[in-house]
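Worksheet: the structure to be examined is printed underneath.
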Amino acid sequence: NAGVTQTPKFQVLKTGQSMTLQCAQDMNHEYMSWYRQDPGMGLRLIHYSVGAGITDQGEVPNGYNVSRSTTEDFPLRLLSAAPSQTSVYFCASSQAQGLGYEQYFGPGTRLTVT
Amino acid sequence: GQSLEQPSEVTAVEGAIVQINCTYQTSGFYGLSWYQQHDGGAPTFLSYNALDGLEETGRFSSFLSRSDSYGYLLLQELQMKDSASYFCAVRDRAPWGSARQLTFGSGTQLTVLP
C-alpha cells in the first residue's frame with residue numbers, strides 16, 4: 003500500500019511554461035485535494051474532488067486546473083507558470099469529506115518558477 | 034470570514050509538557066484537527082475534535098471548546114523528535130464552495146531542547 007504518491011519531487015520551470023503535477027492514491031479514497039504551502043505558512047486549498055468526474059475550486063484556484071477521470075488519480079495542471087506559483091504542493095486524500103476523516107498527504111512537489 | 038490563530042513559536046525542554054493554543058473564527062464549524070509536519074516532510078494527522086472535551090492519544094491530547102471557539106494540543110513527556118510544526122485546521126463550510134473544507138492555521142514551530 004503506497005498511500006499517496008506525487009511526482010515529480012522537484013521541478014524548476016521558466017515563467018510561462020506549463021506542466022502537470024501528478025498525484026495518485028491506492029486507498030480507494032473518494033476525496034482528494036491539492037494544497038500549496040508557502041514558507042512559514044499553513045496549507046491553502048487549490049482544488050478538490052469528491053469523486054471521479056467531480057471537481058471544485060478551493061481558496062486559491064487561479065492559474066491551476068484539475069481533472070478526476072479515475073478514483074486513483076488527481077493531476078494538477080499549471081497553465082502558464084508565474085513566479086508567484088513557487089511553492090510546495092501537497093496532494094491529499096481521505097475516505098470522505100465528512101466529519102473527522104483523516105487526510106493522508108503525499109510527500110510534496112517543490113516547484114520553483116524563475 | 035475564516036481565520037485561525039496559533040502562536041508562531043514555542044520552545045520547551047525534553048520531558049516537559051507544552052500546550053499549543055488555537056482560536057478560530059469560521060462559519061458552519063464541524064470540527065478541529067491537528068497535524069504535525071517535520072521540516073521537509075508532509076503533514077501527518079494527529080487528532081480531531083468534533084465535540085467539546087479532551088481527546089487523548091498516547092502522549093498527545095487535544096481539547097475543544099466550541100462555545101469559546103478555542104482548542105489546544107497538549108504534548109506530554111516531550112521528546113526531541115517532537116520538534117516540528119503543528120497546525121490546527123478547522124473543518125467548515127468554506128465561502129468559496131458548498132463542500133466542507135479543511136482550513137489550516139499558519140502553524141506553530143515547536144523546538145524541544147535537550
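Chains as they are written, first to last, in this note's numbering: chain A, 3 to 116; chain B, 34 to 147. Where is the CB? At the ideal position from N, CA and C, for every residue including glycine.
- Here S60 of chain B carries a coil assignment [DSSP, helix/strand/coil].
- Rounded to whole angstroms, the separation of the alpha carbons of V52 of chain A and S96 of chain A is 10 Å.
- Take L15 of chain A, set aside five residues on each side of it, and the residues of its chain with a beta-carbon closer than 8 Å to its own are M21, L80, A83, L113, T114, V115, T116, in chain order.
- Against chain B, the beta carbon of G53 of chain A has no neighbour under 8 Å; the closest one sits roughly 11 Å away.
- The beta carbons of A94 of chain A and T73 of chain A sit no closer together than 7 Å.
- Per DSSP, reduced to three states, the secondary structure at S82 of chain A is coil, with no helix or strand assignment.
- G110 of chain A belongs to the set of residues whose beta carbon lies under 7 Å from a beta carbon in chain B.
- Scanning its chain for C-beta atoms nearer than 8 Å, with the 5 sequence neighbours on each side dropped, one finds around N3 of chain A the residues D28, M29, in chain order.
- Interface residue (Cβ-Cβ distance to chain A less than 7 Å): F78 of chain B is classified as such.
- Straight-line spacing of the CA atoms in Q19 of chain A and F12 of chain A works out to 15 Å.
- The stretch 40-47 of chain B and the stretch 106-113 of chain B touch, with no fewer than 3 CB-CB distances between them shorter than 8 Å.
- Linking L78 of chain A to Q59 of chain A through their CA atoms gives a straight-line distance of about 12 Å.
- Within the model, the alpha-carbon separation for Y68 of chain B versus L79 of chain B is close to 5 Å.
- Going by DSSP, A45 of chain B is part of the beta strand (DSSP E) stretching over 42-46.
- For D125 of chain B against T59 of chain B, the beta-carbon gap comes to about 4 Å, under 8 Å, which counts as contact.
- Here A49 of chain B is exposed: its Cβ has fewer than 16 other Cβ atoms, across all protein chains shown, within 10 Å.
- Listed along chain B are F137, S139, G140, each with a C-beta nearer than 9 Å to that of M43 of chain A.
- The alpha-carbon of Y81 of chain B is positioned some 35 Å away from that of P85 of chain A.
- Of the residues A:G5, A:A98, A:S89, the one whose Cα lies closest to the Cα of T77 of chain B is A:G5.
- For A117 of chain B, DSSP records a beta bridge to B:L143.
- Between the alpha carbons of R46 of chain A and P147 of chain B lies a gap of roughly 34 Å.
- When the alpha-carbon of T88 of chain A is set against those of A:A98, A:T111, A:S69, A:S35, the nearest one is in A:T111.
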